[in-house]
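**Student:** Note that the protein sequences, when read in sequence, are chains X and P.
Throughout, the working numbering is defined as the position within the first sequence, counted from one, plus 166.
Throughout, the working numbering is defined as the position within the second sequence, counted from one, plus 1292.
Ideal Cβ placement from N, Cα and C applies to all residues, glycine included.
Note that the structure is predicted; figures quoted are calculated from it, not measured.
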Amino acid sequence: VVRLAEDADLIGRAQRGDDDAYGMLVERYQTIAFRTAWLVCGDAAEAEDVAQEAFLKAHAALGRFRSGAPWRPWLLRIVANEARNRRRSAGRRMHLAGRVAELAEADAAAPGPEAAVLAGEQRSELVRALDRLDAEQRSVVVLRYVLDLSEAECAAVLGCRPGTVKSRASRGLARLRVELEGDDG
Amino acid sequence: MPDLEARLRALADEPIWPETPDLAGAVTAALAERRAAAAGAPTRRSSRRRVPLRRRAVALAAVLLVAIPTAGAAAFPSARDDVLEWLGLRHTEVRRTPTLPPAQPPGSADLGERTTLEDAVRRTGFRPLLPARLGDPDAVHVAGRGAASRITLVYAPRPGLPTVRGVRAGLLVTQVRGRIDGQLLRKIAAPGTGVTQVRIDGHPGVVFTGADHVYLYLDPAGQFVEGRPFLAGTTLVLERDGSVVRLEAAVDPQDLRRIAETLQLSPRG
């Protein structure tokens, strides 16, 4: 509630031409916007362009923003549309697995305490299991549980209905459990 | 497996994500630029074709850096002059060329004279920062004289540090006396170039990926000097302990950051 009120204050100021207030709003949401764009685009440089352009488009459309409505789903819808429009190839996919592989290599080069190694292995195990999900399930699980988006926000990003998000997330989690149990056993 | 959702949520805090760029700075700079243009104030780019935001000037508060990739210079022949004009640098000691040649693998002549760490410290008057996790460098080179002297540390390829584009090196760490903070400047990046503002243990820096580029820093006399990486891999430039340090390697930016985070003053010299 506090965050909503603070957002509403910043949006109101931005609507009256206060760019610093808009900058503060961007700062609050730049990580979630950038990560969402990256998940859709699969490229960090492209995601940066996408997120910047989305924030500028959101600013241009501030006059149409409904007072008191939550800002994040509205913003993420713009980010997702921009990202989908720019996605260079359909073959691109989330790069979490690639990032984890790179981290594993770095960890191997500089072995740390046992606890850190164990945490790294658990992280790798989880991401490998995520990577084995089909693309639709993986997308919804990452958006819903890793980025902690609401079902409505996931629906906006993925361009589907909230009910679809719910069922895909449920199936994705179940599948993930099976994958992890397979890894254990 | 009741903690599965918690484990998934914990991934948000893991270092598996690309560094979030300074979008707030970039967006407010773009808004200011648009307002200035709408008000009729002259802007350097008002007469140029529009390019995506990231490729246009983006404010980098507190980081005194200008990056002008080769591709950008080719696309806009006067782009570098524009930047120098914005910065009021036209009459400073910045050396300019009409175009930038592509990065060339360095030879010993580029790196300077090969020597020992102790001799490099004696000749330059400063102790270089060494990436602690890598140990002593495999080679040390010194170039230039006096305040403009430069130390380059060469680390051989090893696991996690692949060979860089035909060069028998996995990592180059080049250091000069100077600073990169103190003013608000702008950057230009070209298609294919990633430019990300970072802080390494509280010290300002920038990571460049994907294309050749140059950057400016202030030498101890307060003059702007052009810095140029030897390699066309990932480059991290940061200011620390009165030095401008440049790390170059064919690794992911996050990995280069992790190496930079272990920089420590050489105990010798």
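1) Distance, Cα to Cα, Gly325 (chain X) vs Leu205 (chain X)?
2) For a quick check, are the C-beta atoms of Ala1552 (chain P) and Ile1492 (chain P) less than 8 Å apart?
3) Could you name the residues of chain P that Trp138 (chain X) contacts, counting a contact when the two beta carbons are closer than 9 Å?
4) Taking Cβ positions, are Pro1423 (chain P) and Thr1527 (chain P) nearer each other than 8 Å?
5) First and last residue of the beta strand (DSSP E) that includes Pro239 (chain X)?
6) Could you check whether Arg298 (chain X) and Glu347 (chain X) sit closer than 8 Å to each other, using their CB atoms as the reference points?
7) Measure the CB-CB distance between Pro1545 (chain P) and Phe200 (chain X) and report whether it falls below 8 Å.
8) Quick one: grab the DSSP three-state call for Ala1541 (chain P).
9) Whose C-alpha, out of P:Gly1417, P:Val1536, P:Ala1329, is nearest the C-alpha of Pro1496 (chain P)?
10) At least one CB of chain C closer than 8 Å to the CB of Val1456 (chain P): is that the case?
11) Should Pro1420 (chain P) go down as buried or exposed, given a rule of 16 or more other Cβ atoms within 10 Å for buried?
12) Can you have a look at Ala1318 (chain P) and say buried or exposed, based on whether 16 or more other CB atoms are within 10 angstroms of its CB?
13) Taking the Cβ atom as the reference point for each residue, do Glu1306 (chain P) and Arg289 (chain X) lie within a distance shorter than 8 Å?
14) With 8 Å as the threshold, decide whether the Cβ of Val1319 (chain P) is near any Cβ in chain X.
15) Can you name the residues of chain P whose CB is closer than 8 Å to the CB of Phe200 (chain X)?
16) Roughly how many angstroms separate the alpha carbons of Arg334 (chain X) and Ala246 (chain X), rounded to a whole number?
17) Checking 8 Å against the spacing of the C-beta atoms, do Glu248 (chain X) and Ala227 (chain X) come in under that value?
18) Does the distance from the CB of Glu317 (chain X) to the CB of Val308 (chain X) come in under 8 Å?
19) Please check the pair Leu191 (chain X) and Leu170 (chain X), which I expect to be a contact at CB under 8 Å, by giving their CB distance rounded to whole angstroms.
20) In three-state terms, what does DSSP make of Ala1308 (chain P)?
21) Could you confirm whether any beta carbon from chain P is found closer than 8 Å to the beta carbon of Leu221 (chain X)?
22) Between which two residues does the alpha helix (DSSP H) carrying Gly1317 (chain P) extend?
23) For the beta strand (DSSP E) containing Thr1554 (chain P), list its first residue and its last residue.
24) So Tyr195 (chain X) is in the alpha helix (DSSP H); what residue range does that whole segment cover?
25) Taking just the CA atoms, how far does Arg1299 (chain P) sit from Gly178 (chain X)?
26) Tell me the residue span of the alpha helix (DSSP H) that contains Leu1464 (chain P).
27) Taking DSSP's pairing of strands, which residues face Ser1535 (chain P) in a bridge?
28) Please list the partners that Leu1323 (chain P) has in chain X, where partner means a Cβ-to-Cβ separation under 9 Å.
29) For the candidate residues P:Trp1309, P:Arg1471, P:Leu1539, whose alpha-carbon lies nearest to that of Leu1445 (chain P)?
30) Please confirm whether Glu1306 (chain P) has its beta-carbon closer than 8 Å to some beta-carbon of chain X.
31) Spell out the partners DSSP gives Gly1525 (chain P) in its beta bridges.
32) Is Leu241 (chain X) close to chain P, meaning its C-beta is less than 8 Å from at least one C-beta of that chain?
33) Mind checking who Glu172 (chain X) pairs with in its DSSP beta bridge?
34) In three-state terms, what does DSSP make of Ala1440 (chain P)?
35) Counting only C-beta atoms, is Glu1553 (chain P) closer than 8 Å to chain X at any point?
36) Identify, in the order they occur along the chain, each residue of the same chain with its Cβ nearer than 6 Å to the Cβ of Gln1467 (chain P), setting aside the five sequence neighbours on each side.
**Tutor:** On the basis of the coordinates in this document:
1) The count along the first sequence starts at 1 and reaches residue 325 (chain X) at position 159. The count along the first sequence starts at 1 and reaches residue 205 (chain X) at position 39. CA-CA distance, Gly325 (chain X) to Leu205 (chain X), rounds to 14 Å.
2) If you number the second sequence from 1, residue 1552 (chain P) lands on position 260. If you number the second sequence from 1, residue 1492 (chain P) lands on position 200. Taking 8 Å as the Cβ cut-off, Ala1552 (chain P) and Ile1492 (chain P) qualify as a contacting pair.
3) Residue coverage of chain X in this structure runs from 167 to 351, which leaves residue 138 (chain X) outside it and unanswerable.
4) Translated into positions along the second sequence, residue 1423 (chain P) becomes position 131. Translated into positions along the second sequence, residue 1527 (chain P) becomes position 235. Pro1423 (chain P) is not a Cβ neighbour of Thr1527 (chain P), given a cutoff of 8 Å.
5) Translated into the one-based positions of the first sequence, residue 239 (chain X) becomes position 73. Where Pro239 (chain X) is concerned, there is no enclosing beta strand (DSSP E), although the alpha helix (DSSP H) around it starts and stops at 237–252.
6) Taking the first sequence and counting its residues from 1, the one referred to as residue 347 (chain X) is at position 181. Taking the first sequence and counting its residues from 1, the one referred to as residue 298 (chain X) is at position 132. Between Glu347 (chain X) and Arg298 (chain X), the C-beta spacing is not below 8 Å.
7) For the purposes of this step, residue 1545 (chain P) is taken as the residue at position 253 of the second sequence. For the purposes of this step, residue 200 (chain X) is taken as the residue at position 34 of the first sequence. For Pro1545 (chain P) and Phe200 (chain X), no; Cβs fall outside 8 Å.
8) In the second sequence, counting from the first residue as 1, residue 1541 (chain P) sits at position 249. Correct three-state label for Ala1541 (chain P): strand.
9) Working through the second sequence from its first residue, we reach residue 1496 (chain P) at position 204. In terms of CA proximity to Pro1496 (chain P), P:Val1536 leads the group P:Gly1417, P:Val1536, P:Ala1329.
10) Absent here is chain C; the protein component of the structure consists of chains X and P.
11) For the purposes of this step, residue 1420 (chain P) is taken as the residue at position 128 of the second sequence. Here Pro1420 (chain P) is buried: its Cβ has 16 or more other Cβ atoms, across all protein chains shown, within 10 Å.
12) In the second sequence, residue 1318 (chain P) corresponds to position 26, counting from 1. When all chains shown are included, Ala1318 (chain P) counts as buried.
13) Working through the second sequence from its first residue, we reach residue 1306 (chain P) at position 14. Working through the first sequence from its first residue, we reach residue 289 (chain X) at position 123. Yes. Within cutoff.
14) Here the question's residue 1319 (chain P) lines up with position 27 in the second sequence. For Val1319 (chain P), the closest Cβ of chain X is nearer than 8 Å.
15) Against the first sequence, residue 200 (chain X) aligns to sequence position 34. Residues of chain P with a Cβ closer than 8 Å to the Cβ of Phe200 (chain X) are, in chain order, Pro1310, Thr1312, Pro1313, Leu1315.
16) Here residue 334 (chain X) is taken as the residue at index 168 of the first sequence, counted from 1. Here residue 246 (chain X) is taken as the residue at index 80 of the first sequence, counted from 1. The C-alpha of Ala246 (chain X) is placed about 18 Å away from the C-alpha of Arg334 (chain X).
17) As a working note, residue 248 (chain X) is residue 82 in the first sequence. As a working note, residue 227 (chain X) is residue 61 in the first sequence. No, the Cβ-Cβ distance between Glu248 (chain X) and Ala227 (chain X) is not below 8 Å.
18) Within the first sequence, numbered from 1, the residue matching residue 317 (chain X) stands at position 151. Within the first sequence, numbered from 1, the residue matching residue 308 (chain X) stands at position 142. Contact flag unset, no.
19) Working through the first sequence from its first residue, we reach residue 191 (chain X) at position 25. Working through the first sequence from its first residue, we reach residue 170 (chain X) at position 4. About 12 Å separates the two Cβ atoms, so there is no contact after all.
20) Residue numbering aside, residue 1308 (chain P) sits at position 16 when the second sequence is read from its first letter. Reading off the sequence shown, one finds Ile at residue 1308 (chain P), where the question assumed Ala. In the structure shown, Ile1308 (chain P) sits in coil (DSSP, three-state: anything other than H, G, I, E or B).
21) The count along the first sequence starts at 1 and reaches residue 221 (chain X) at position 55. Sequence check: residue 221 (chain X) is Phe here, not Leu. Yes - at least one Cβ of chain P is within 8 Å of the one on Phe221 (chain X).
22) By one-based count along the second sequence, residue 1317 (chain P) stands at place 25. Element bounds for Gly1317 (chain P): 1315–1330.
23) The count along the second sequence starts at 1 and reaches residue 1554 (chain P) at position 262. Where Thr1554 (chain P) is concerned, there is no enclosing beta strand (DSSP E), because DSSP gives it neither an H nor an E.
24) Position 29 of the first sequence holds residue 195 (chain X). For Tyr195 (chain X), the enclosing alpha helix (DSSP H) starts and ends at 185–207.
25) By one-based count along the first sequence, residue 178 (chain X) stands at place 12. By one-based count along the second sequence, residue 1299 (chain P) stands at place 7. One Cα belongs to Gly178 (chain X), the other to Arg1299 (chain P), and the distance between them is close to 37 Å.
26) What you label residue 1464 (chain P) is simply residue 172 of the second sequence in a count that begins at 1. Per DSSP, Leu1464 (chain P) belongs to no alpha helix (DSSP H); it is in the beta strand (DSSP E), 1463–1469.
27) Position 243 of the second sequence, counting from 1, holds the residue named residue 1535 (chain P). Looking at the DSSP assignment, Ser1535 (chain P) forms a beta bridge with P:Arg1469, P:Arg1532.
28) As a first step, residue 1323 (chain P) is located in the second sequence; it is residue number 31 there, counting from the start. Against chain X, the beta carbon of Leu1323 (chain P) has neighbours under 9 Å at Asp185, Tyr188, Gly189, Leu222, His225, listed in chain order.
29) Locating residue 1445 (chain P) in the second sequence gives position 153, counting from the first residue. Ranking the options by Cα distance to Leu1445 (chain P), first place goes to P:Leu1539.
30) Reading the second sequence from its first residue, position 14 is the one you call residue 1306 (chain P). At least one chain X Cβ lies under 8 Å of Glu1306 (chain P).
31) Here residue 1525 (chain P) refers to the residue found at position 233 of the second sequence. For Gly1525 (chain P), which the question treats as bridged, DSSP gives no partner whatsoever.
32) Against the first sequence, residue 241 (chain X) aligns to sequence position 75. Interface flag for Leu241 (chain X) against chain P is unset, since no Cβ pair is found closer than 8 Å.
33) As a first step, residue 172 (chain X) must be located in the first sequence, where it is residue number 6. DSSP lists no partner for Glu172 (chain X).
34) The residue given as residue 1440 (chain P) occupies position 148 in the second sequence. Helix.
35) For the purposes of this step, residue 1553 (chain P) is taken as the residue at position 261 of the second sequence. With respect to chain X, the C-beta atom of Glu1553 (chain P) has no partner C-beta closer than 8 Å.
36) By one-based count along the second sequence, residue 1467 (chain P) stands at place 175. Excluding sequence neighbours, Gln1467 (chain P) sits near Pro1420, Ile1443, Ser1535, Val1537.
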